[in-house]
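Participant: Chains as they are written, first to last, in my numbering: chain Z, 251 to 500; chain G, 251 to 500.
Number of protein chains: 2
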Amino acid sequence: MEMKSVTRSLRILEAVAHHQPVTVGELTKLFGLPKSTVQRTLVSLNEAGWLRANRQDTTRWEIGARVLAVRPAALQGSSLFAAAREPMIRLRDALNETIHLSVPDALQCMVVVDRVDCAHAVRTYYAIGDTSPLHATATGRAILAHLPPADVDELVAHRLERYSDATTVDPAELRAELKRVRTDGYAVNRNQYRPDVCAIAAPVLDEDGTPLASVAVSMPDSRYDADRLPEWGRLVADTASGISDRRLGA
Amino acid sequence: MEMKSVTRSLRILEAVAHHQPVTVGELTKLFGLPKSTVQRTLVSLNEAGWLRANRQDTTRWEIGARVLAVRPAALQGSSLFAAAREPMIRLRDALNETIHLSVPDALQCMVVVDRVDCAHAVRTYYAIGDTSPLHATATGRAILAHLPPADVDELVAHRLERYSDATTVDPAELRAELKRVRTDGYAVNRNQYRPDVCAIAAPVLDEDGTPLASVAVSMPDSRYDADRLPEWGRLVADTASGISDRRLGA
DNA sequence: GCATAGCGTGCCACGATACGGCACGATTGC
DNA sequence: GCAATCGTGCCGTATCGTGGCACGCTATGC
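What follows is the structure in structure tokens.
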């Protein structure tokens, strides 16, 4: 049922992405596999055009540009990506905090797809491709709030994992929060996932109300100001709906 | 030397990306492979997290968000990407034409990695991930002009493919054009690749003069004005060198 | 309503093929 | 100049992917 060489080659591909440019030896240590096996896999990935030798050190491997041609359906041929770009920068300019764009992956987790950094010396850090849980983040709850109830039921059927003291693990409490998100238009997270990280997020919706992605402003707890929450929440929600409009208008 | 199942699974992955959401049957027709083989490959790709079933029609497959964690080395840990973003927007604002950021892939072709759209109703369209030939585009020649002569020799050793009446297919003519690019600081393309598409491009250089990427402004032939070429060329070149500086300063 | 065609999926014996131990040559560090 | 380490290539064997086939299901057309 599972093709060993395929899954392994993809694991290796991911490892190359995280450690590029990387040598055969480093990868064998990482995986504990025979040299020949890793080497053969790298050559195959190279022949497929997904890997290439580093220009300076031809014994090191790195990811080729081919992967950019393969983009998730969630990005809708990257029109979402392009539409979000400028509104995100404007939001960053207005608030001077880091802005993230995330999409849900198979309703399992959120994946960061784009980022605009702020100018503060201390700032939150998520890399593009990082994942986070749906129930414990603002970005995830902004999506959850606009999903069919059946999907939410399925999520709470599994135990809601606790990441910190503040994490919402009670299904009823989560549902109440989601209801609040729908009326206010934005979701909030104070230290519920990563300690000392707060965020305010709003969903980008499809024409039929399906949540495609969410925009979030995230900041250290020290800069979180509850008094300004309504104002910031409105700004984030406006940005998100602006992206929806741009996407559909194009 | 080549692992059949690996290369084939990646071909299938790419096919899914281009036709998503797609069914098993459609893929079997595309490749002429047995149903079971395609099916098994899809399941394996799914288990690796690179594929997922469509939400509406669970019998259709699409690309998962996992691929976003795998980024080309050419983006230099996305510092190039981040450095280019705002200068590109300023250039778009100045010219009101679509701006593309492209990187060379294994010196075979250029790949579009970012885009900022203009406001015109009629505009050029390249998606992120699209590829174009080195010798027939402004974006490619901006790179070629700053490559070691040996690399250019290797390129012209293969036949220069013709895409339109205007395509430069004569090696000597290409070399003369590259020399002009080096003195002027920007490359030009009038309908040499896609008919009715013109572009002006300049390279983003590394500290040692290696071309990393190129910035291009592209427009329909109807809006191309030869009289303004020097001015626009200078603006594009300034933007590109500004990106180089930002990248190194950061 | 029934027949049929087409779909996605699961099974299994066969045989191609990827595995991994090993050896070679190049490079680096002592 | 020696030794350790690395990337690479080879080859017999066991494994693993292959693809023909059959099943259950859905949509289509008579």
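Each residue gets a CB set at the ideal place from its N, CA and C atoms; glycine is no exception.
For Glu-312(Z), which option in Arg-302(Z), Met-253(Z) and Leu-345(Z) has the closest C-alpha, if you only look at C-alpha atoms?
Facilitator: Within the first sequence, residue 312(Z) is the residue found at index 62, counting from 1. Comparing Cα-Cα distances from Glu-312(Z) to each of Arg-302(Z), Met-253(Z) and Leu-345(Z), the minimum goes to Arg-302(Z).
Participant: Thr-418(Z) versus chain G: which residues are under 9 Å apart at the beta carbon?
Facilitator: Start at 1 with the first residue of the first sequence, and residue 418(Z) comes out as number 168. Near Thr-418(Z) there are no residues of chain G at all, since even the closest Cβ is about 24 Å away, more than 9 Å.
Participant: Tell me which same chain residues have a C-beta within less than 7 Å of the C-beta of Gly-390(Z), skipping the five on either side of it?
Facilitator: Your numbering for residue 390(Z) matches position 140 in the first sequence. Met-360, Ser-382, Pro-383 and Leu-384.
Participant: Is it the case that the Cβ atoms of Ala-392(G) and Pro-453(G) are separated by a distance below 8 Å?
Facilitator: Against the second sequence, residue 392(G) aligns to sequence position 142. Against the second sequence, residue 453(G) aligns to sequence position 203. It is a contact, given that the beta carbons lie within the stated cut-off.
Participant: Compare the C-beta of Gln-231(Z) against all C-beta atoms of chain G and say whether one is closer than 8 Å.
Facilitator: Because residue 231(Z) is not part of the residues shown, which for chain Z are 251 to 500, the question remains open.
Participant: Would you please verify whether the beta carbon of Asp-355(Z) is less than 8 Å from any beta carbon of chain G?
Facilitator: Start at 1 with the first residue of the first sequence, and residue 355(Z) comes out as number 105. True, the Cβ-Cβ gap to chain G drops below 8 Å.
Participant: Tell me which residues share the same chain as Ala-449(Z) and place their Cβ nearer than 6 Å to its Cβ, disregarding the 5 neighbours each side in the sequence.
Facilitator: As a working note, residue 449(Z) is residue 199 in the first sequence. Result list for Ala-449(Z): Ala-388, Asn-439, Ala-466 and Ser-468, in chain order.
Participant: Is the Cβ of Pro-322(Z) closer than 8 Å to any Cβ of chain G?
Facilitator: Here the question's residue 322(Z) lines up with position 72 in the first sequence. Interface residue, yes.
Participant: For Arg-440(G), write down the residues that DSSP places opposite it in a beta bridge.
Facilitator: Your numbering for residue 440(G) matches position 190 in the second sequence. According to DSSP, Arg-440(G) bridges with Cys-448(G).
Participant: So what's Pro-322(G) in DSSP terms, helix, strand or just coil?
Facilitator: For the purposes of this step, residue 322(G) is identified with residue 72 of the second sequence, where counting begins at 1. Here Pro-322(G) sits in coil by DSSP.
Participant: In chain order, what residues of the same chain lie with their CB nearer than 6 Å to the CB of Ala-334(G), ignoring the 5 residues before and after it?
Facilitator: Reading the second sequence from its first residue, position 84 is the one you call residue 334(G). Cβ neighbours of Ala-334(G) beyond the five flanking positions: Leu-351 and Ile-493.
Participant: Is the Cβ of Arg-316(Z) closer than 8 Å to any Cβ of chain G?
Facilitator: Mapped onto the first sequence, residue 316(Z) falls at position 66. Yes - at least one Cβ of chain G is within 8 Å of the one on Arg-316(Z).
Participant: Have a look at Tyr-413(Z), Lys-429(Z), Thr-273(Z) and Leu-280(Z) and flag the residue whose alpha-carbon is nearest the alpha-carbon of Pro-445(Z).
Facilitator: Looking up residue 445(Z) in the first sequence gives position 195. Minimum Cα distance to Pro-445(Z) is reached at Tyr-413(Z).
Participant: If we define contact as Cβ-Cβ less than 8 Å, is Gln-270(G) a contact residue for chain Z?
Facilitator: Translated into the one-based positions of the second sequence, residue 270(G) becomes position 20. It does; some Cβ of chain Z falls within 8 Å.
Participant: Taking just the CA atoms, how far does Leu-295(Z) sit from Asp-488(Z)?
Facilitator: Sequence index remark: in the first sequence, residue 488(Z) carries index 238 (1-based). Sequence index remark: in the first sequence, residue 295(Z) carries index 45 (1-based). Approximately 43 Å between the Cα atoms of the pair.
Participant: Let me check understanding here. Comparing Cα to Cα, which of Asp-420(G), Leu-280(G) and Val-402(G) lies closest to Leu-410(G)?
Facilitator: As a first step, residue 410(G) must be located in the second sequence, where it is residue number 160. Nearest option by C-alpha distance: Asp-420(G).
Participant: Is it true that the region 260-271 of chain Z meets the region 282-295 of chain Z, where meeting means three or more beta-carbon pairs spaced less than 8 Å apart?
Facilitator: Output reads yes: the region 282-295 of chain Z touches the region 260-271 of chain Z.
Participant: Assuming Ile-378(G) contacts Val-366(G) under a Cβ cut-off of 8 Å, what Cβ separation, rounded to an integer in Å, is found between them?
Facilitator: As a first step, residue 378(G) must be located in the second sequence, where it is residue number 128. As a first step, residue 366(G) must be located in the second sequence, where it is residue number 116. The pair is not a contact, with the Cβ atoms about 11 Å apart (cut-off 8 Å).
Participant: Just reading off the beta strand (DSSP E) that Val-465(Z) is part of, what are its end residues?
Facilitator: As a working note, residue 465(Z) is residue 215 in the first sequence. First-last of the beta strand (DSSP E) with Val-465(Z): 461-470.
Participant: Run through chain Z and tell me which residues come within less than 7 Å of Ile-349(G), C-beta to C-beta.
Facilitator: On the second sequence, position 99 is the one that residue 349(G) refers to. By Cβ distance, chain Z contributes nothing, its closest Cβ being about 11 Å from Ile-349(G), past 7 Å.
Participant: Consider the Cβ of Ser-294(Z): report whether some Cβ of chain G lies at a distance smaller than 8 Å.
Facilitator: Within the first sequence, numbered from 1, the residue matching residue 294(Z) stands at position 44. Yes, Ser-294(Z) lies at the interface with chain G (some Cβ there is under 8 Å from its Cβ).
Participant: Residues of chain G with CB closer than 9 Å to the CB of Gly-459(Z), please, in chain order.
Facilitator: One-based indexing of the first sequence puts residue 459(Z) at position 209. None at all; the shortest Cβ gap to chain G is about 13 Å.
Participant: Measure the Cβ-Cβ separation of Met-253(Z) and Arg-316(G) and say whether it is below 8 Å.
Facilitator: Translated into positions along the first sequence, residue 253(Z) becomes position 3. Translated into positions along the second sequence, residue 316(G) becomes position 66. No, the Cβ-Cβ distance between Met-253(Z) and Arg-316(G) is not below 8 Å.
Participant: So which residues of chain Z does Ile-313(G) contact, with C-beta pairs closer than 8 Å?
Facilitator: Position 63 of the second sequence, counted from the first residue, corresponds to residue 313(G). Within chain Z, the residues near Ile-313(G) are Val-320, Arg-321, Pro-322 and Ala-323.
Participant: Would you give the residue range spanned by the alpha helix (DSSP H) that Ile-262(G) belongs to?
Facilitator: Mapped onto the second sequence, residue 262(G) falls at position 12. 254-269 is the span of the alpha helix (DSSP H), which, as asked, contains Ile-262(G).
Participant: Measure the C-alpha to C-alpha separation of Gly-282(Z) and Thr-257(Z) and round it to an integer number of angstroms.
Facilitator: As a working mapping, residue 282(Z) is identified with position 32 in the first sequence. As a working mapping, residue 257(Z) is identified with position 7 in the first sequence. Going by the C-alpha atoms only, they are around 16 Å apart.
Participant: Among Leu-498(G), Ser-259(G) and Trp-300(G), whose alpha-carbon lies nearest the alpha-carbon of Leu-318(G)?
Facilitator: For the purposes of this step, residue 318(G) is taken as residue 68 along the second sequence, with counting starting at 1. With distances taken between Cα atoms, Leu-318(G) lies closest to Trp-300(G).
Participant: Could you spell out where the alpha helix (DSSP H) holding Leu-394(Z) opens and where it closes?
Facilitator: On the first sequence, residue 394(Z) is found 144 positions in, with the first residue counted as 1. Element bounds for Leu-394(Z): 388-394.
Participant: In the region 328-378 of chain Z, which residue ranges form an unbroken beta strand (DSSP E) of at least 3 residues, counting only runs that do not cross its ends?
Facilitator: Those beta strand (DSSP E) runs which fall completely within the region 328-378 of chain Z and span 3+ residues are 348-355 and 359-366.
Participant: Would Leu-479(G) and Ala-344(G) be called neighbours here (beta carbons separated by less than 8 Å)?
Facilitator: By one-based count along the second sequence, residue 479(G) stands at place 229. By one-based count along the second sequence, residue 344(G) stands at place 94. No.
Participant: Under three-state DSSP, which class holds Thr-273(Z)?
Facilitator: Start at 1 with the first residue of the first sequence, and residue 273(Z) comes out as number 23. Looking at Thr-273(Z) - three-state DSSP - the assignment turns out to be coil, as it is neither helix nor strand.
Participant: Where Gly-483(Z) and Ala-386(G) are concerned, what is the direct C-alpha to C-alpha distance, given to the nearest angstrom?
Facilitator: Along the first sequence, one-based indexing puts residue 483(Z) at 233. Along the second sequence, one-based indexing puts residue 386(G) at 136. Spanning the two alpha carbons is a distance of roughly 48 Å.
Participant: Classify Leu-498(Z): buried if its beta carbon has 16 or more other beta carbons within 10 angstroms, exposed otherwise.
Facilitator: Position 248 of the first sequence holds residue 498(Z). The residue is exposed, with fewer than 16 neighbouring Cβ atoms inside 10 Å.
Participant: How should His-396(G) be labelled, buried or exposed, when 16 other C-beta atoms within 10 angstroms of its C-beta is the threshold for buried?
Facilitator: Counting from one through the second sequence, the residue named residue 396(G) turns up at place 146. So His-396(G) counts as buried.
Participant: Is there a Cβ from chain Z that is less than 8 Å from the Cβ of Ser-464(G)?
Facilitator: Counting from 1 along the second sequence, the entry for residue 464(G) is found at position 214. Not one chain Z Cβ lies under 8 Å of Ser-464(G).
Participant: Can you grab the Cα-Cα spacing for the pair His-523(Z) / Glu-276(Z), in whole Å?
Facilitator: Any answer about residue 523(Z) is impossible in this case: the structure gives chain Z only from 251 up to 500.
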